[in-house]
Amino acid sequence: MAAFLAFGMTPLAAAPEARADFEFDDFLGWFGLEPDSQALTSEWIGSAWDLPDSADATGMEIAQLWDTYFYMPLHALLQDWINSDFGSQVNGVINQIFAPFTENFCGMICNGADGTESSVNGQAGGLWFGDGGNGWTSDIEGVAGGNGGHAGGIGNGGDGGAGGLGADGGNGGHGGEMWGHGGDGGAGGAATATLVAGDGGNGGSSGQAQDFFGMGAWGNGGNGGKGGAGLNGADGADSSAAGVAGGDGGTGTAGGKGGDGGAGSTWLGIGGNGGAGGAGGGGGAGGSGFDGAEGSFAGGGDGNGGNGSNGGAGGNGGAGGQAGAGGAGAWLFGGSGAAGTNGTAGAGGVGGDGKDGGDGADGAAGTDGTAVDPNGAAGISGGNGGNAGRGGAGGVGGDGVVAADGADGHAGAGGNGGNGGDGIDGIDGTATNPNGTAGGNGGAGGNGGQGGLEADGTTRAADGTGGAGGIGGNGGAGYDALAAGAAPGTSGGSGGAGGSGGAGGTGATGGDGGNAGDGGRGGDGVAGLAGADGANAGDAGTDGQAGGNGGTGGAGGAGGNGGAATSPAGAAGSNGNGGDGGAGGNAAAGGAGGDGADGDANHVDGGAGGNAGDAGTAGAGGAGGAAGTGGSTGTGVAGSGGADGSGPAPTETHGGNGGDGFTSTTPGGVAAAEPSATAGPAATAEAVVTMPTAETAAMAKRRRRWRQRTAERERGCGTGRRRRRRQRRHGNGCDGGNGGAGSSANGGGWKRRRRRRRPVGWHRRQRRYRLGRRSSRRPGRCRSQRRQRRQRR
Numbered sequence: 001m002a003a004f005l006a007f008g009m010t011p012l013a014a015a016p017e018a019r020a021d022f023e024f025d026d027f028l029g030w031f032g033l034e035p036d037s038q039a040l041t042s043e044w045i046g047s048a049w050d051l052p053d054s055a056d057a058t059g060m061e062i063a064q065l066w067d068t069y070f071y072m073p074l075h076a077l078l079q080d081w082i083n084s085d086f087g088s089q090v091n092g093v094i095n096q097i098f099a100p101f102t103e104n105f106c107g108m109i110c111n112g113a114d115g116t117e118s119s120v121n122g123q124a125g126g127l128w129f130g131d132g133g134n135g136w137t138s139d140i141e142g143v144a145g146g147n148g149g150h151a152g153g154i155g156n157g158g159d160g161g162a163g164g165l166g167a168d169g170g171n172g173g174h175g176g177e178m179w180g181h182g183g184d185g186g187a188g189g190a191a192t193a194t195l196v197a198g199d200g201g202n203g204g205s206s207g208q209a210q211d212f213f214g215m216g217a218w219g220n221g222g223n224g225g226k227g228g229a230g231l232n233g234a235d236g237a238d239s240s241a242a243g244v245a246g247g248d249g250g251t252g253t254a255g256g257k258g259g260d261g262g263a264g265s266t267w268l269g270i271g272g273n274g275g276a277g278g279a280g281g282g283g284g285a286g287g288s289g290f291d292g293a294e295g296s297f298a299g300g301g302d303g304n305g306g307n308g309s310n311g312g313a314g315g316n317g318g319a320g321g322q323a324g325a326g327g328a329g330a331w332l333f334g335g336s337g338a339a340g341t342n343g344t345a346g347a348g349g350v351g352g353d354g355k356d357g358g359d360g361a362d363g364a365a366g367t368d369g370t371a372v373d374p375n376g377a378a379g380i381s382g383g384n385g386g387n388a389g390r391g392g393a394g395g396v397g398g399d400g401v402v403a404a405d406g407a408d409g410h411a412g413a414g415g416n417g418g419n420g421g422d423g424i425d426g427i428d429g430t431a432t433n434p435n436g437t438a439g440g441n442g443g444a445g446g447n448g449g450q451g452g453l454e455a456d457g458t459t460r461a462a463d464g465t466g467g468a469g470g471i472g473g474n475g476g477a478g479y480d481a482l483a484a485g486a487a488p489g490t491s492g493g494s495g496g497a498g499g500s501g502g503a504g505g506t507g508a509t510g511g512d513g514g515n516a517g518d519g520g521r522g523g524d525g526v527a528g529l530a531g532a533d534g535a536n537a538g539d540a541g542t543d544g545q546a547g548g549n550g551g552t553g554g555a556g557g558a559g560g561n562g563g564a565a566t567s568p569a570g571a572a573g574s575n576g577n578g579g580d581g582g583a584g585g586n587a588a589a590g591g592a593g594g595d596g597a598d599g600d601a602n603h604v605d606g607g608a609g610g611n612a613g614d615a616g617t618a619g620a621g622g623a624g625g626a627a628g629t630g631g632s633t634g635t636g637v638a639g640s641g642g643a644d645g646s647g648p649a650p651t652e653t654h655g656g657n658g659g660d661g662f663t664s665t666t667p668g669g670v671a672a673a674e675p676s677a678t679a680g681p682a683a684t685a686e687a688v689v690t691m692p693t694a695e696t697a698a699m700a701k702r703r704r705r706w707r708q709r710t711a712e713r714e715r716g717c718g719t720g721r722r723r724r725r726r727q728r729r730h731g732n733g734c735d736g737g738n739g740g741a742g743s744s745a746n747g748g749g750w751k752r753r754r755r756r757r758r759p760v761g762w763h764r765r766q767r768r769y770r771l772g773r774r775s776s777r778r779p780g781r782c783r784s785q786r787r788q789r790r791q792r793r
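Just so you know, we're using the UniProt record's numbering here: the sequence shown kicks off at 1 and counts up by one.
This is the structure we're talking about:
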């Protein structure tokens with residue numbers, strides 16, 4: 001080697017002088033080392049080769065010490081030489097001389113050139129010493145990275161280049177055949193939509209891997225390259241239309257495999273570590289569903305809400321790349337490299353969210369009754385709610401872990417039912433049609449729509465509220481004969497029945513029943529005609545005509561039935577009140593009796609007064625209407641019966657006055673009787689009389705008294721105090737003059753009072769009590785005095 005250096009430094013005019021005293025110091029000088037350098041002192045050598053005193057020192061530790069304290073410092077010195085200006089000049093001459101022998105190397109002492117796009121692999125290092133060039137790192141999709149160049153005698157192999165997208169990394173170059181480490185493998189490229197992830201390049205081995213001459217090489221193997229990452233799955237598309245589920249997420253691709261570590265030297269060296277696997281791609285998220293449409297009745301719709309669509313399933317995650325294996329180490333002083341780690345698995349995609357179902361539409365209210373159709377129309381039932389969409393299932397990760405499912409949607413609520421229409425009120429009675437017409441029935445309320453089904457398939461959203469039943473119309477009032485001025489005694493019309501309330505929709509309140517119409521009042525009777533007066537002297541007056549009967553009051557109509565509730569949650573409607581019966585007509589008074597004719601010379605006695613006419617019968621009140629009976633919790637009240645008509649007062653009719661007796665103008669003739677206290681106007685007229693003598697007047701008075709008492713006895717009126725008491729009780733029937741007797745208010749004659757029944761022995765005890773009181777008041781009185789006192793009374 002000294003000769004080669006001498007030839008490269010000096011002219012070839014003289015041959016170099018041979019020296020027999022060549023020493024190791026001269027060799028160290030070629031590499032810039034001085035014999036007294038610290039690197040070669042006993043301290044350095046002792047630290048470099050100072051093995052542990054214990055026998056526990058491993059081959060791995062020995063190989064590490066050799067690399068740290070011998071090879072790496074030597075490699076650094078050689079690189080300094082190659083890269084120095086002086087070394088470059090010397091190396092250039094040597095490489096030029098030995099170019100024919102270094103066809104596959106960069107030269108004798110040099111570093112190999114790095115790979116390019118046109119020549120991807122790195123160039124081999126110098127045959128004596130020098131590192132191999134690095135492989136080209138690809139930036140083109142699908143193109144692998146270049147391999148690293150091998151080292152020559154002493155040096156490290158070049159590193160492999162990284163692969164492009166979806167391509168493998170290049171392998172590392174081998175170490176020198178004397179001393180040197182293998183190069184590291186290049187990383188694999190990441191996956192694309194069309195290409196899987198690339199694997200990492202393998203690490204280069206030590207020099208023995210080149211040929212037979214490298215069997216004695218010392219050195220470590222290179223590390224394997226990392227695998228490329230897998231591609232994430234695409235997210236599913238969100239739904240854009242009702243009834244269409246969200247798109248499923250894409251599946252992530254697996255990561256690339258890590259490169260294997262290079263083998264170490266057979267004698268002294270450590271194997272390279274395996275490359276890590278590439279991470280698996282994550283699964284894509286599922287797309288969201290679409291909300292259900294709200295229910296509508298427009299355009300002939302059924303009012304039901306649309307179903308929410310389901311979310312898409314999440315994509316599965318890709319598996320992580322497999323780890324590269326560690327390289328084998330030296331069997332004497334060394335050890336194998338560690339295996340790489342597996343790539344992380346891609347997570348599964350989250351499921352897409354399910355969407356909400358649409359709410360059902362509210363039903364329309366029924367129309368109210370009209371003259372053509374008095375009943376209210378039923379309300380429209382509400383639409384059903386739409387079902388909820390289910391969330392998409394989560395994807396399974398590359399490691400088997402399942403991602404979260406998408407959120408479920410909510411079901412739509414049912415629509416509310418429409419209220420039933422109200423019945424129209426009945427028409428009041430008229431003279432032609434005296435009875436009032438019935439009120440129209442209320443329409444039934446619409447049912448509430450059913451809530452949509454939740455995602456669990458069991459529970460439902462809230463149902464809609466049922467519509468309230470329509471209110472029944474009020475019955476028409478009966479014809480009021482009295483107010484309308486109808487003919488006397490005309491009966492009032494019956495009130496119309498109230499309409500029934502409509503049944504409530506599901507869970508709603510039934511409609512109230514209509515109130516019945518009141519019965520009309522009966523007309524009053526007409527008073528009877530008065531009797532005619534006596535025409536001829538002494539003739540009796542005629543009887544008065546009977547009074548007219550009062551009209552019967554109309555019956556009250558029945559109250560309408562309350563609408564029933566269709567579920568326990570709803571209340572029944574109130575029952576309608578029954579109509580009040582109409583009042584009966586008042587009875588009319590009978591006609592007054594005619595007055596008797598006055599007496600004359602031929603008929604001395606005056607004529608008897610006519611009897612009063614019978615009073616009319618009072619009209620009966622109408623029956624009250626019954627309350628409605630439909631609703632279970634109704635509160636209708638039955639109508640009250642109409643008041644009966646009243647009869648005439650006792651003094652409204654009276655008998656005719658008796659005619660006045662003839663007043664004689666002849667001496668000794670019979671004088672006329674004095675007018676009675678209750679005699680009519682004709683009896684009170686003053687009579688023109690001629691004053692008789694005292695004897696004649698006394699005789700006439702006695703005859704008059706005798707006739708009067710005789711007549712009273714015949715009629716049963718009695719005389720004296722008893723007669724006056726009867727007059728006060730029963731009218732003036734006993735009060736006529738000597739002419740005919742007047743009639744009582746009851747049509748003449750004495751009315752016998754019904755004797756009150758007394759207990760046995762009452763009269764006897766009463767007499768005894770009265771006699772005792774009189775005797776105790778005035779003791780010592782005789783019976784004759786008591787008799788006289790009673791007479792004076």
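Just so you know, even glycine gets a beta-carbon here, dropped at the ideal spot from N, CA and C.
query: Could you check where the alpha helix (DSSP H) with Gly92 kicks off and where it finishes?; result: 85–97
query: Tell whether a beta-carbon distance below 7 Å holds between Gly469 and Gly406.; result: no
query: State yes or no: is the C-beta of Gly189 within less than 7 Å of the C-beta of Gly164?; result: yes
query: Between Gly495 and Ala431, what straight-line distance do the alpha-carbon atoms span, to the nearest angstrom?; result: 14 Å
query: Could you check the C-alpha separation between Asn310 and Gly327 for me, to the nearest Å?; result: 52 Å
query: Quick one: using the 10 Å Cβ neighbour count with 16 as the cut-off for buried, is Gly761 buried or exposed?; result: exposed
query: Rounded to whole angstroms, what is the Cα-Cα separation between Ala330 and Gly398?; result: 37 Å
query: DSSP puts Ile109 in a beta bridge; with which residues?; result: Phe129
query: Need the endpoints of the beta strand (DSSP E) that Gly335 sits in, please.; result: 333–335
query: DSSP three-state label for Ala242, please.; result: coil
query: Using a Cβ-Cβ cutoff of less than 6 Å, which residues in the same chain neighbour Gly281 once the five nearest sequence positions on both sides are dropped?; result: Gly230, Leu231, Asn232, Gly252, Thr253, Gly318, Gly346
query: Along the chain, where does the beta strand (DSSP E) that runs through residue 798 open and close?; result: For residue 798 there is no data in the structure shown, the boundaries of the chain being 1 and 793.
query: Using three-state DSSP, classify Ile140 as helix, strand or coil.; result: coil
query: I need the boundaries of the alpha helix (DSSP H) containing Gly59, first residue and last residue.; result: 59–66
query: Under a Cβ-count criterion, where at least 16 other Cβ atoms within 10 Å of its own Cβ denotes burial, should Pro374 be classed as buried or exposed?; result: buried
query: For Ile154, which beta-bridge partners are listed by DSSP?; result: Phe129, Trp179
query: Which one of Glu103, Arg707, Trp136, Ser138 has the shortest CA to CA distance from Gly126?; result: Glu103
query: Thinking C-beta only, is Gly358 closer than 7 Å to Gly295?; result: yes
query: In three-state terms, what does DSSP make of Ser205?; result: coil
query: CB-CB under 6 Å to Asp362, same chain, minus the five flanking residues each way: which ones, in chain order?; result: Gly382, Gly415, Asn416
query: Out of curiosity, what's the CA-to-CA distance linking Val120 and Gly236?; result: 40 Å
query: Using only the alpha-carbon positions, how far apart do Ala293 and Gly315 sit?; result: 29 Å
query: If you check the beta carbons only, do Thr506 and Gly421 fall under 7 Å apart?; result: no
query: Here's the rule I'm using: 16 or more other beta-carbon atoms within 10 Å means buried, otherwise exposed. How should Pro434 be labelled?; result: buried
query: Quick one: Cα of Asn307 to Cα of His410, how far?; result: 10 Å
query: Could you work out which residue in Asn111, Leu65, Gly259 is closest to Gly87 when comparing CA atoms only?; result: Asn111
query: Measure the C-alpha to C-alpha separation of Phe70 and Ala76 and round it to an integer number of angstroms.; result: 10 Å
query: Hey, Gly256 and Gly321: beta-carbon distance below 7 Å or not?; result: yes
query: What do you get for Arg767, buried or exposed, if any count of 16 or more other CB atoms within 10 angstroms of its CB means buried?; result: exposed
query: For Arg460, which three-state DSSP category applies?; result: strand
query: Report the partner residues of Val350 according to the DSSP bridge assignment.; result: Per DSSP, none; premise fails for Val350.
query: Would you identify the three-state DSSP class for Leu165, choosing helix, strand or coil?; result: coil
query: Could you compute how far the alpha carbon of Gln64 sits from the alpha carbon of Gly183?; result: 17 Å
query: With DSSP collapsed to three states, give me the class of Leu453.; result: strand
query: With distance defined between alpha-carbon atoms, name the residue in Asn384, Thr341, Gly348 nearest to Ala313.; result: Gly348
query: Could you tell me which residues DSSP pairs with Val402 in its beta bridges?; result: Val396
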